[in-house]
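Have a look at the structure below, then the notes.
There are 2 protein chains.
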Amino acid sequence: MAPPPPPTAAERGHEVRQRLLRAGAELITERGWSAVSTRAVAERAEVGQGLVHYHFASLGALLRQAALGAVEALLHELTVLLKAAATPQEALERILSTLDAYSGTDTTSLLFTETYLAATRDEELKSGLARLLTGAREELAGHLRVQRVRQPQETAAVLMAAVDGLMLHRPVSPSLSSAAVGPVLRRLLIGTNSGGETA
Amino acid sequence: MAPPPPPTAAERGHEVRQRLLRAGAELITERGWSAVSTRAVAERAEVGQGLVHYHFASLGALLRQAALGAVEALLHELTVLLKAAATPQEALERILSTLDAYSGTDTTSLLFTETYLAATRDEELKSGLARLLTGAREELAGHLRVQRVRQPQETAAVLMAAVDGLMLHRPVSPSLSSAAVGPVLRRLLIGTNSGGETA
DNA sequence: GTTCGCCTTGGTCAATTGCCCAAGGCGAAC
DNA sequence: GTTCGCCTTGGGCAATTGACCAAGGCGAAC
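Chains as they are written, first to last, in this note's numbering: chain A, 1 to 199; chain B, 1001 to 1199.
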């Protein structure tokens, strides 16, 4: 086999930027948004602390980009999962299974909440997050609409909020397994247009 | 009228402690849990900075007590509101009206989320929060059970998580008014034991 | 008036913070 | 070999941090 060509300086730089973003996302969930320091990010990424401000305008810019990137990746993953579902019940099953996977102490579930809170105090972050969430919500709403769930827009919004809320409550209330809350959440999807109720 | 007696030193101390706690709760929502400093709390409470560590063992202890106190007060307020409701629908109406009142930029709604996140990293805070929430959830579940809602425990948990999630999403998605999500949330309460569905 | 207990102040310390910068490394182009 | 561009390092700075402390205020008890 031919040995891989040595990476150029620009390629190495790009790789370091990715490491910094990943380290930033990890530390946001571990310590909380406002407790992440430049030196901690650099150490986690195993680079000198000066690199943070070489690759990013500020620590805030790094955290913004790290958080939005992680949120976008997870939303994309969920959307793909959703597209393969035939019924709204099956879609819910898939969403709930991810709820079990993210136990509340993992890397990604707390990141959502941290990003929501940080968006309250950062206009740029708020608009970026709103863009991502609107896209995901419309994707989910379209899915629900095709399957004749009533008020698809509002149902999608409530469903996403409920899942986020459950993720938030889980570490404090470990009884919130998908098996426990699944039957209740399923009520959100009953009463389709093809069903009995018309009001 | 008799002039009020001058407060004793102990009474003044107690009043200062209350001011510090209120300042701490305010600053948690404004800046985020880990961005609250002793000097900021002291300045907001209009006392010298040394008083913080005179009245509290540490800044963390102050924030814990401030957050748990605020959460307890709000949960108590909601519980009282709930007791006056005759039907689960009316109870939901009352909960939703509080959702409109707390717009997401107010003092108390973000405090819940901040406390949840901080509890992830503070065992003492977690157990205190779990105690308060279990009490409130059982209160709500009992209310739902009397009114023949199925799976009252799980429904109460999902309802509380959904409300918290909606509060969290609201600043980013201003369309989440109670009028928009109310009809959807109401589905969580349909299908009582006295209703038609039996499965 | 003196003593006592509690509260209150502002100064101080070591540690940490975000950000900046001079200096150097290193492969590519020529 | 030299130059160039990009990446990388570690030190340094001013500001802020949590915590501690000596000193003083002040009403109550005696």
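Just so you know, even glycine gets a beta-carbon here, dropped at the ideal spot from N, CA and C.
Chain B contact for residue i (CB, 8 Å cutoff)
i, result
"A:Q89", "no"
"A:L176", "yes"
Within-8 Å CB hit, residue i to chain A
i, result
"B:K1083", "no"
"B:R1187", "yes"
"B:G1050", "no"
"B:V1172", "yes"
"B:E1154", "yes"
"B:L1027", "no"
"B:G1060", "no"
"B:G1032", "yes"
"B:A1161", "yes"
"B:G1195", "Note that B:G1195 scores a pLDDT of 40, beneath 50, so its modelled location is shaky and nothing firm can be said."
Contact set between residue i and chain A, taken where Cβ atoms lie within less than 9 Å
i, result
"B:S1097", "None at all; the shortest Cβ gap to chain A is about 17 Å."
Residue i in three-state terms, based on DSSP
i, result
"B:P1171", "coil"
"A:F112", "helix"
"B:I1028", "helix"
"B:Y1102", "coil"
"B:Q1018", "helix"
"A:Q147", "coil"
"B:I1190", "coil"
"B:D1122", "coil"
"A:G69", "helix"
"B:E1090", "helix"
"B:A1084", "coil"
"B:P1183", "helix"
"B:T1107", "coil"
"A:Q153", "helix"
"A:E138", "helix"
"B:E1046", "coil"
"A:L63", "helix"
"B:V1036", "coil"
"A:A57", "coil"
"A:L176", "coil"
Spatially closest choice to residue i from the options, by CA coordinates
i, options, result
"B:E1124", "B:L1176, B:A1057 and B:R1064", "B:R1064"
"A:T38", "A:G32, A:E30 and A:L51", "A:L51"
"A:A156", "B:L1185, B:A1023, B:L1133 and B:L1132", "B:L1185"
"A:R211", "B:Y1102, B:P1174, B:A1101 and B:Q1147", "An answer regarding residue 211 of chain A cannot be provided, because it is not within the stretch 1 to 199 covered by chain A."
"B:L1129", "B:P1171, B:T1108 and B:A1119", "B:A1119"
"B:T1087", "B:A1161, B:L1144 and B:R1170", "B:L1144"
"A:P127", "A:L68, A:G182 and A:P152", "A small correction: the amino acid at residue 127 of chain A is Ser; Pro does not occupy that position in the sequence shown. For the residues A:L68, A:G182 and A:P152, the minimum Cα distance to A:S127 belongs to A:L68."
"A:T134", "A:E90, A:T79 and A:A179", "A:T79"
"B:A1180", "B:I1028, B:L1074 and B:L1096", "B:L1096"
"A:A73", "A:E90, A:A91 and A:F112", "A:F112"
"A:R150", "B:F1056, B:T1115, B:L1159 and B:R1187", "B:R1187"
"B:K1083", "B:R1121, B:L1140 and B:A1070", "B:L1140"
"A:A61", "A:L159, A:E77, A:A85 and A:V36", "A:V36"
"A:R170", "B:L1117, B:P1171 and B:Q1147", "B:L1117"
"A:Q147", "A:E93, A:D106, A:Q89 and A:T107", "A:Q89"
"A:I28", "A:R17, A:V16 and A:V41", "A:V41"
"A:L159", "A:E46, A:F56, A:L99 and A:H53", "A:L99"
"B:V1016", "B:H1055, B:S1034, B:E1026 and B:L1059", "B:H1055"
Interface partners of residue i on chain B, CB under 9 Å
i, result
"A:T113", "T1113, Y1116, L1117 and L1168"
"A:A86", "Within chain B, no residue comes near A:A86; the closest Cβ sits about 21 Å away, beyond 9 Å."
Beta-carbon neighbours of residue i, restricted to chain A and to distances below 8 Å
i, result
"B:D1164", "G165, L168 and H169"
Proximal residues of chain A, C-beta to C-beta of residue i below 7 Å
i, result
"B:L1020", "Neighbours of B:L1020 on chain A: none; closest Cβ ~21 Å, over 7 Å."
"B:A1180", "E154"
Under 7 Å by beta carbon: chain B residues contacting residue i
i, result
"A:V184", "Q1151, E1154, T1155, V1158 and L1188"
field: Near-chain A residues of the segment 1067 to 1079 of chain B (beta-carbon distance less than 8 Å), N- to C-terminal order
entry: Here the close residues number zero.
task: Pull out every residue of the segment 1034 to 1045 of chain B whose Cβ sits closer than 8 Å to any Cβ of chain A, in chain order.
output: S1034 and A1035
- prompt: At a Cβ cut of 7 Å, what residues of the segment 1125 to 1150 of chain B count as close to chain A, listed as they run along the chain?
  reply: When C-beta distances to chain A are compared with 7 Å, the residues of the segment 1125 to 1150 of chain B below that value are K1126, L1129, A1130 and L1133, in chain order.
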